[in-house]
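Student: Numbering (our numbering), first residue to last: 895 to 1190.
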């Protein structure tokens, strides 16, 4: 008895997913009760859903009953797409308001939708004080190879160190491989404080032997240390005849220290002379510090 076998497309189509079979003859006899045929499956390296096609039987032999006449073949996808963070290191100013973090398909094709999660994790930057934490689902498909999310950056007005947090990709399902899984976002602090002499002028009698000058945090908030250097320069009063010079005196300010004072020795020389002046000055390498007034 002769039976013919042919395939028909379903969600799997020939020749993209398998090699079609048309009217293949299967011959049965009293000694042959089983006949098999190989159908080639195409490995396409495209991530897609499970797809199926059918194999059907037909015969002109009225003595043959075909049951079941149809068989369904499911092709299980074993391909995986590689997804990566588009940028693994980003640097943003605190005042920028937000940062966009993107992931993209690095390798492989898509005919179905796949998902990854993108989540943030505190480093020296912490949520919600420095940024808004995220844990989002990103989707990719044949028409969308890039997916992004926006993370809010908090502009706080405190002078602090530059801070970082991390973002991490994780796969959802077995058809995604993650490359460059972790990225770092650095938040550059752009706040300022004002530090200066208060008061900005001093009058002292020679017989008092010293004058105390004070430097204060006048505006803004510090969450880290700021170092200011105090030094003196001559005016009509000259060192060491009229006062003891001061150089490279380090004044440290932080969240708990908002004022520093320093004594400068005055020399009583017993000579009648005019009122004389010298200057106390401030300098710093800290770009977040405005010195005003910087001389007294």
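The beta carbon of each residue, even a glycine, is placed where N, CA and C say it ideally should be. On a predicted model such as this, the values are computed, not experimentally measured, just so you know.
Does DSSP put residue 1000 in a helix, in a strand, or in coil?
Tutor: The sequence position of residue 1000 within the chain shown is 106, counting from 1. Note: residue 1000 maps to strand in three-state DSSP.
Student: Reducing DSSP to helix, strand and coil, say where residue 1076 ends up.
Tutor: As a position in the chain shown, residue 1076 is number 182, starting the count at 1. It is a strand residue.
Student: Identify every run of the alpha helix (DSSP H) within the stretch 1017–1062, keeping only runs that are complete inside it and at least 4 residues long; order them along the chain.
Tutor: Here no run is fully enclosed.
Student: For residue 1102, which three-state DSSP category applies?
Tutor: The residue labelled residue 1102 in the question sits at position 208 within the chain shown. Helix, per DSSP.
Student: When you compare only the Cα positions, how much space is there between residue 1093 and residue 1108?
Tutor: Counting from one through the chain shown, the residue named residue 1093 turns up at place 199. Counting from one through the chain shown, the residue named residue 1108 turns up at place 214. Rounded to the nearest angstrom, the two C-alpha atoms are 7 Å apart.
Student: So, for residue 1066: in the same chain, excluding its five sequence neighbours on each side, which residues have a beta-carbon less than 8 Å away from its beta-carbon?
Tutor: Residue mapping note: residue 1066 aligns to position 172 of the chain shown, counting from 1. Contacts found: 1008, 1009, 1010, 1011 and 1031.
Student: So what does DSSP say about residue 994, is it helix, strand or coil?
Tutor: Along the chain shown, read from residue 1 onward, the residue named residue 994 stands at position 100. Looking at residue 994 - three-state DSSP - the assignment turns out to be strand.
Student: For residue 1123 and residue 1160, what's the separation of their Cα atoms in angstroms?
Tutor: Numbered from its first residue, the chain shown carries residue 1123 at position 229. Numbered from its first residue, the chain shown carries residue 1160 at position 266. Rounded to the nearest angstrom, the two C-alpha atoms are 20 Å apart.
Student: Nearest-angstrom Cα distance between residue 1042 and residue 995?
Tutor: Residue numbering aside, residue 1042 sits at position 148 when the chain shown is read from its first letter. Residue numbering aside, residue 995 sits at position 101 when the chain shown is read from its first letter. Spanning the two alpha carbons is a distance of roughly 6 Å.
Student: Less than 8 Å between the C-beta atoms of residue 982 and residue 1074, yes or no?
Tutor: Taking the first residue of the chain shown as position 1, residue 982 is located at position 88. Taking the first residue of the chain shown as position 1, residue 1074 is located at position 180. For residue 982 and residue 1074, yes; Cβs fall inside 8 Å.
Student: Since residue 1137 and residue 1172 are thought to touch, with beta carbons under 8 Å apart, how far apart are those beta carbons, to the nearest angstrom?
Tutor: For the purposes of this step, residue 1137 is identified with residue 243 of the chain shown, where counting begins at 1. For the purposes of this step, residue 1172 is identified with residue 278 of the chain shown, where counting begins at 1. Sure, about 6 Å apart at Cβ, within 8 Å.
Student: With a threshold of 6 Å on Cβ separation, who are the neighbours of residue 942 within its own chain once the five nearest residues in sequence on each side are excluded?
Tutor: One-based indexing of the chain shown puts residue 942 at position 48. Closer than 6 Å at Cβ, skipping near neighbours: 971, 1005 and 1006.
Student: Helix, strand or coil for residue 919 per DSSP?
Tutor: Sequence index remark: in the chain shown, residue 919 carries index 25 (1-based). If DSSP states are grouped into helix, strand and coil, residue 919 belongs with the strands.
Student: Select from 917, 957, 978 and 940 the residue whose C-alpha is nearest the C-alpha of residue 949.
Tutor: Reading the chain shown from its first residue, position 55 is the one you call residue 949. Ranking the options by Cα distance to residue 949, first place goes to 917.
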